[in-house]
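Notes follow the structure.
Chains as they are written, first to last, in the numbering used here: chain C, 1 to 114; chain Z, 1 to 115.
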């Protein structure tokens with residue numbers, strides 16, 4: 001069965017420092033991977049996705065993610081964190097069973113301190 | 001312009017009641033979804049419709065019944081509400097839903113509290 005893991009419940013980083021939010025996946029076949037962000041009391045906002053092609057994917061708000069097939073990882077990164085990046089981040093993988101069924105990780109809370 | 005909208009935003013009700021949540025998207029998408037986010041923020045898909053046809057139906061109690069009157073609308077009706085139904089329900093939509101690579105766009109959520 002397809003699955004995705006976000007090993008960290010929370011990530012703390014100082015403003016201006018680089019940030020990484022980790023995601024690993026387990027799928028049969030080629031993975032379709034997504035990152036979403038959820039601000040307090042808001043819906044999920046799409047950040048970026050990997051379908052095929054270049055392993056480094058650039059997305060919204062200066063975020064990028066690197067697809068690593070050998071390590072089955074899709075970590076989210078940003079070179080310089082902002083306090084406004086503080087939110088809940090979800091990694092998701094398409095379930096290979098069919099259609100557009102996404103399986104979400106448990107989420108990682110990112111706290112950026114001034 | 002709101003792309004995916006849900007009503008109501010908040011819903012507080014008593015156990016045993018029946019309630020509906022409505023979702024509308026103005027993105028021209030042909031696939032819509034319902035997700036449930038529990039108190040631990042865990043997100044799970046419940047249903048999906050493509051062109052008004054049910055294509056994903058997860059293991060959800062049959063007290064939950066989705067209805068899609070047209071491609072732009074997907075409603076969720078819940079009968080005999082239980083305490084465990086308290087959650088945030090998100091609607092989402094995508095253009096196409098069959099290949100698995102389409103981006104899903106989420107609504108703001110409906111916060112349901114069952115007392």
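For every residue, glycine included, the Cβ atom is placed at its ideal position computed from N, Cα and C.
Computed from a prediction, not measured in an experiment: that's the story for all the values here.
Test item: CB-CB of residue i and residue j under 8 Å
i	j	result
residue 67 of chain C	residue 49 of chain C	no
residue 21 of chain C	residue 2 of chain C	no
residue 55 of chain Z	residue 18 of chain Z	no
residue 88 of chain C	residue 107 of chain C	yes
residue 88 of chain Z	residue 25 of chain Z	no
Proximal chain C residues relative to residue i, where beta-carbon distance stays under 8 Å
i	result
residue 7 of chain Z	Those do not exist, as residue 7 of chain Z stays about 14 Å from chain C at its closest Cβ, beyond 8 Å.
7 Å Cβ cut-off: residues of chain C touching residue i
i	result
residue 56 of chain Z	99 and 101
residue 31 of chain Z	100
Contacts that residue i makes with chain Z (C-beta to C-beta distance below 7 Å)
i	result
residue 107 of chain C	41
Integer Cβ distance of residue i from residue j, believed to fall under 8 Å
i	j	result
residue 85 of chain Z	residue 112 of chain Z	6 Å
residue 103 of chain Z	residue 6 of chain Z	Going by Cβ atoms, the distance from residue 103 of chain Z to residue 6 of chain Z rounds to 18 Å, so no, they are not a contact pair.
residue 106 of chain Z	residue 43 of chain C	4 Å
residue 100 of chain Z	residue 100 of chain C	5 Å
residue 33 of chain Z	residue 42 of chain Z	Actually they are not in contact, since the Cβ atoms of residue 33 of chain Z and residue 42 of chain Z sit about 16 Å apart, beyond 8 Å.
Minimum Cβ-Cβ distance from residue i to chain B less than 8 Å
i	result
residue 12 of chain C	Given the protein chain composition of this structure (C and Z), no chain B is represented.
Neighbouring residues, chain Z, relative to residue i (Cβ below 8 Å)
i	result
residue 104 of chain C	42, 43 and 44
Quiz item: Using a beta-carbon distance cut-off of less than 7 Å, what residues from the stretch 86-109 of chain Z approach chain C?
Solution: 90, 94, 97, 98, 100, 101, 102, 103, 104, 105, 106, 107, 108 and 109
Quiz item: Does the stretch 63-78 of chain C touch the stretch 71-84 of chain Z, meaning 3 or more C-beta pairs lie closer than 8 Å?
Solution: no
Quiz item: What are the residues of the stretch 39-64 of chain C that lie near chain Z, defined by any Cβ-Cβ distance shorter than 9 Å?
Solution: 41, 42, 43, 44, 45, 46, 49, 51 and 52
Exercise. Pull out every residue of the stretch 37-55 of chain Z whose Cβ sits closer than 8 Å to any Cβ of chain C, in chain order.
Key: 40, 41, 42, 43, 44, 45, 48, 50 and 55
Exercise. Residues of the stretch 69-100 of chain C with a CB closer than 7 Å to any CB of chain Z: list them in chain order, please.
Key: 88, 90, 94, 99 and 100
Quiz item: Given a limit of 9 Å on CB to CB distance, which residues of the stretch 16-36 of chain C reach chain Z?
Solution: 32, 34 and 36
Self-check item: Contact between the stretch 3-19 of chain C and the stretch 71-91 of chain C (3+ Cβ pairs under 8 Å)
Solution: yes
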